[in-house]
Amino acid sequence: MLHVAVPNPIHKVKHLKLLFFSHGGLVPPLHQRSPSSLTHQKLAMAKQFIPLSSSILVAVISLFLVSTLVPGVGSIGVNYGTVANNLPPPPQVAHFLLESTVINRVKLYDANPDILKAFAHTGIAVTVTVPNDQIPRLTKLNFARQWVEDNVQPYTPATNIVRILVGNEVITTADKMLIGNLVPAMQTLHTALVAASLDRRIQVSTPHSLGVLSNSNPPSSGKFRLGYDIHVLKPLLSFLRATKSPFMINPYPFFGCSPDTLDYALFRPNAGVLDENTGLLYTNMLDAQLDAVFSAMKVLGFDDLEIVIAETGWPSMGDSTQVGVDANVASEYNGNLKRHVSSGVGTPLMPNRTFETYIFALFNEDLKSGPTSERNFGLFQPDMTPVYDIGILRPTARSSIPNNPTPVPRAAPSNPTPRSSKGKQWCLPKTGADDNALQRNIDYVCGLGLDCGPIQQHGACFLPNTVRAHAAFAMNLYYQSTGNNDSDCDFDQTGAITNVDPSNLTRNHYFAILTLAMENASTDTLCCKSNGSRHGTLNDPVFNFVSFLVSVVSDKETKTAGVVWYVL
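Counting in UniProt numbering, the sequence shown runs from 1 upward without gaps.
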């Protein structure tokens, strides 16, 4: 079976057009609709226009649309705090997370250079933080540019820095200078990222405690604190919308529960809490907290923004006066949390969605002040043995770079020109290959000195700006430069070789062409008609570097095929 790449989830796509071609010409594209109705109408249209002999193609398109229009699995990350004197060195931590856990995101409370270096070539998404005390200075463009130059540019793209947070829980500090400078600092930092051509790679946001709410019960009545709502949070939300960045919140059911509500806080079976305004039943406290935030955002007209859970967790040890503080309860909360935010169930007011979530914390931190619980939120001990198991450990270790290929590429042109021959083959990512694994493939290939300029910012193949599209370029670049050996397309079993040359595909039946028009991308739709002719351009380099097969299904007896393309 031919294994080929599939585009990233639909939330990264601005426009989606499904075009059908037949003897009668082009069927007009559907008008933009909600994802669910769009899916059903496209599938109905596919079945209407594609013959029964191509029923396999219908199934392929169906699976593709379902996989791209249904929300994806939520990402689970950890907060990597360092308020301790017994933590392992950062390279050891990065190696452990990559090889031994399924954690694919890390949030830092600073921009520690040793940690940033340690996470290079791991593909793990890293969020860094500008400390609160630097916020006033960050409003000055020169300082913001210098901060980016010192704390970001030396490490990216080797280290996958995806977000910069300006401060932590700034609004609830009650420091008027910090609060007044928060949004200007975020805006200036974004301007500095634009100047460095990093604004499409790196988001800017800031996390909040639930203290930003003046009311949270019932969830539908959630509102931001008076005064801050219009003068601080509304401009902040406007900035997040304009830069396509998420609103980040730190919900902790641990701090809101009592002996009577412990089951409710831990996702255990319980009678639930009814929101009388909406008639919606809440069966866990986290959903209620998230929906209160959503309601507050909706009041200001920003219910379209993504919400990220920047911190949440449960201590494994505490003082005698605290409720439910032992390792079993902590394991129960974090394990149920992980399953819930990734399930796609969503919340009563935000159904059918997942949440990017960062568990607090990676390690127990022995130098933190406060009650005993503050030093015992960690998933792991400093020696990296688990405090408890919530299903994030891998059954087997995973290499930080692909097991294959291991040899250094033979001498080759920095931009090898793909050969045009009868035996031409391509190396592409397999269907379902994990984005983190594909990012490691990119880092590995580009780190060898091959020319990855085309997939850098402003490069000819930068768009579509997705890990999968860039991996298709890098993996094939390596494969072509090393002599087309099968082992050079293994990439830890994430690569597959295809010898299907798209320029030779001529068939007698309808072809479906899927064009994903990315924001700011210049798109050229490849049009396959029943007579096999093509409109638009397609040649070996274009196919090698910026387009790849999503699926090819052939019927050997009738010589028919259904083809779906992902094309710049």
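From the three backbone atoms N, C-alpha and C, an ideal C-beta is built for every residue, glycine too.
Of all C-beta pairs linking the segment 227-246 to the segment 279-287, fewer than three are shorter than 8 Å, placing the two stretches out of contact.
Y388 sits in coil when the DSSP states are folded into three classes, being neither helix nor strand. Bridge partners of H208 according to DSSP: I249. K430 and G495 have their C-alpha atoms roughly 5 Å apart.
Sequence-distant partners of N86 (beyond 5 residues in either direction) whose C-beta falls short of 7 Å from its own C-beta, in its chain, are D366, P382.
Collapsing the DSSP output to three states places G279 in coil. Of the residues V128, I307, P157, the one whose Cα lies closest to the Cα of I164 is V128. For A496, the uninterrupted beta strand (DSSP E) segment begins and ends at 495-498.
DSSP lists N215 as the beta-bridge partner residues of K223.
Contact check between the segment 344-360 and the segment 307-317: three or more CB pairs, one atom from each, fall below 8 Å, which counts as touching. Rounded to the nearest angstrom, the gap between the Cα atoms of G335 and I171 is 30 Å. With a threshold of 16 other beta carbon atoms within 10 Å, L274 falls short and is exposed.
Taking the Cα positions, H208 is about 43 Å away from N476. Around the Cβ of K176, a 10 Å sphere holds fewer than 16 other Cβ atoms; the residue is exposed. The residue among K234, L141, V78 with its C-alpha nearest the C-alpha of A196 is L141. Counting only runs that start and end inside the segment 261-334, the beta strand (DSSP E) elements of at least 3 residues fall at 273-275, 280-282, 307-312. DSSP places T129 in the uninterrupted beta strand (DSSP E) bounded by 125-130.
Non-local beta-carbon contacts of L262 in its own chain, meaning distances under 7 Å to residues more than five positions away in sequence, involve V323, G324 in chain order. The straight-line gap separating the alpha-carbon atoms of K223 and P88 is approximately 42 Å. The DSSP-derived three-state label of R394 is coil. Beta-bridge partners assigned by DSSP to L362: none are found.
Straight through space, the alpha carbons of P219 and G346 are spaced by roughly 14 Å. For P429, no alpha helix (DSSP H) segment is defined; the enclosing uninterrupted segment is the beta strand (DSSP E) at 426-429. Excluding sequence positions up to five before and after I179, its CB lies within less than 7 Å of the CB of V170, I171, V232, all in the same chain and listed in chain order.
Residue range 76-80 is occupied by the beta strand (DSSP E) that includes G77.
Counting only runs that start and end inside the segment 134-192, the beta strand (DSSP E) elements of at least 3 residues fall at 161-166. Following the DSSP letters along the chain, one finds K107 inside the beta strand (DSSP E) bounded by residues 105-108. For the options L138, Q134, N181, R201, the alpha carbon positioned closest to that of N160 is the one of R201.
A distance of 9 Å or more separates the beta carbons of G256 and L290. A distance below 9 Å separates the beta carbons of V126 and L116.
The C-alpha of I455 is placed about 14 Å away from the C-alpha of L438. A361 counts as buried, since at least 16 other C-beta atoms from the protein chains shown sit within 10 angstroms of its C-beta. Nearest neighbour of V148 by Cα position, chosen from N181, P113, T173, A118, turns out to be P113. Under the three-state reduction of DSSP output, G344 falls in the coil class, being neither helix nor strand. Shortest Cα-Cα distance from L428 to any of V78, S75, T321, C489 involves C489. Leaving aside the five residues that flank V166 on each side, the residues in its chain whose CB is nearer than 7 Å to its CB run, in chain order, V130, I135, L138, L182, A185, M186, L189, V204, T206.
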